[in-house]
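Following this line, the structure appears as structure tokens:
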């Protein structure tokens, strides 16, 4: 666990909370200066005094950086002096010496001057901040944007490079399974032609074959049915195998295409979520169990076909035996 990172996050949170509280306090204190009867306190009140106070409240409200808390504390210290002076002006004590009375008599002008100085201070700060943003931050934002674009492009190219070997493996698998698909499909077509040719040959040259090999009718038909049964079994087997390898080729081709699209897809994923997305994709593409259904179906096919052939030959033999009886 990164303790430094946790401490840094906590420190930022604390600073943000302190800044928020200080900003609220400063705005509340500025609101206390919204006195209706300034003319009873100040000798010659500035007519824009209320405008200054409202402007200061707005500028304080617009502050957003926790580092600006020092600015707020400076204003807060000046406001404390203003409130102290206001209290002495509004509630003067009796039996004061002449020097103290003279000092208090100067407070109204100082109060007004301090309010104006706070206003000017905030105004100058906002002007400097705005100038800094236009000169430094705006070009810097454009530079950061360019860097982010270059970084995203680099990540995309790196993902393409990382995926290249994996894509080659799937590409080789696609080529292999496509070749086997075509091979067994050709065997399927050849088997159909061969079985049809053998059946036609046995039909046309039945007598010659019986005479040449010395076969009785029963023996000939058993021989013919056996050849046809084996031929049909081979035809079905080759078709099943061709379909099986076609499915494998399609699966590997789909995976290959998805891997090619992976770099572009990852560009749209936030960096924080990228690791979990890669993990999910890895579980999808790798470590899958081999589908044994095709091999099981093939074994069942051969077994059922052999059983059917045996029963068919037996039935044909029984029928022919009945016909041969006088």
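In my numbering, the protein residues as written are 151 to 476.
Ideal Cβ placement from N, Cα and C applies to all residues, glycine included.
This structure is a prediction, so every number in the text was calculated from the model and none was measured.
Proximity winner among the options, relative to residue i (alpha-carbon distances)
{"i": "residue 376", "options": "349, 399, 359", "result": "349"}
{"i": "residue 264", "options": "232, 434, 358", "result": "232"}
{"i": "residue 230", "options": "340, 268, 252", "result": "268"}
{"i": "residue 210", "options": "341, 177, 412", "result": "177"}
{"i": "residue 239", "options": "224, 223, 260", "result": "260"}
{"i": "residue 388", "options": "365, 338, 381, 405", "result": "338"}
{"i": "residue 329", "options": "396, 315, 373, 347", "result": "396"}
{"i": "residue 161", "options": "361, 332, 216", "result": "216"}
{"i": "residue 535", "options": "410, 272, 423", "result": "Absent from the model: residue 535. The displayed extent of the chain is 151 to 476, so no value can be given."}
{"i": "residue 305", "options": "434, 323, 420", "result": "420"}
{"i": "residue 319", "options": "219, 399, 237", "result": "399"}
{"i": "residue 165", "options": "340, 433, 219", "result": "219"}
{"i": "residue 324", "options": "403, 394, 228, 281", "result": "403"}
{"i": "residue 342", "options": "183, 363, 355, 385", "result": "385"}
{"i": "residue 270", "options": "203, 378, 167", "result": "203"}
{"i": "residue 183", "options": "359, 426, 228", "result": "228"}
{"i": "residue 379", "options": "256, 346, 392", "result": "346"}
{"i": "residue 256", "options": "272, 236, 205", "result": "236"}
Collapsed DSSP secondary structure at residue i in the structure displayed
{"i": "residue 196", "result": "coil"}
{"i": "residue 369", "result": "helix"}
{"i": "residue 168", "result": "helix"}
{"i": "residue 281", "result": "helix"}
{"i": "residue 179", "result": "helix"}
{"i": "residue 212", "result": "coil"}
{"i": "residue 218", "result": "helix"}
{"i": "residue 413", "result": "helix"}
{"i": "residue 266", "result": "helix"}
{"i": "residue 241", "result": "coil"}
{"i": "residue 185", "result": "coil"}
{"i": "residue 289", "result": "helix"}
{"i": "residue 258", "result": "helix"}
{"i": "residue 375", "result": "helix"}
{"i": "residue 143", "result": "Beyond the ends of the chain as shown, which are 151 and 476, falls residue 143; an answer cannot be given."}
{"i": "residue 347", "result": "helix"}
{"i": "residue 364", "result": "coil"}
{"i": "residue 419", "result": "coil"}
Whole-Å CB distance - residue i paired with residue j, under 8 Å assumed
{"i": "residue 262", "j": "residue 199", "result": "7 Å"}
{"i": "residue 401", "j": "residue 321", "result": "Rounded, the Cβ-Cβ distance is 13 Å, inconsistent with contact."}
{"i": "residue 356", "j": "residue 370", "result": "7 Å"}
{"i": "residue 285", "j": "residue 413", "result": "38 Å between Cβ atoms; not a contact."}
Min CB distance residue i to chain C below 8 Å
{"i": "residue 279", "result": "The structure shown has no chain C; it contains just one protein chain."}
Segment contact flag, the segment 266–280 with the segment 199–209, C-beta cutoff 8 Å, min 3 pairs: In this structure the segment 266–280 lies against the segment 199–209, because at least three pairs of beta carbons, one per stretch, are closer than 8 Å.
The segment 283–297 touching the segment 343–358, judged by at least three CB pairs closer than 8 Å: By the Cβ test, the segment 283–297 is not in contact with the segment 343–358, since fewer than three Cβ pairs between them sit closer than 8 Å.
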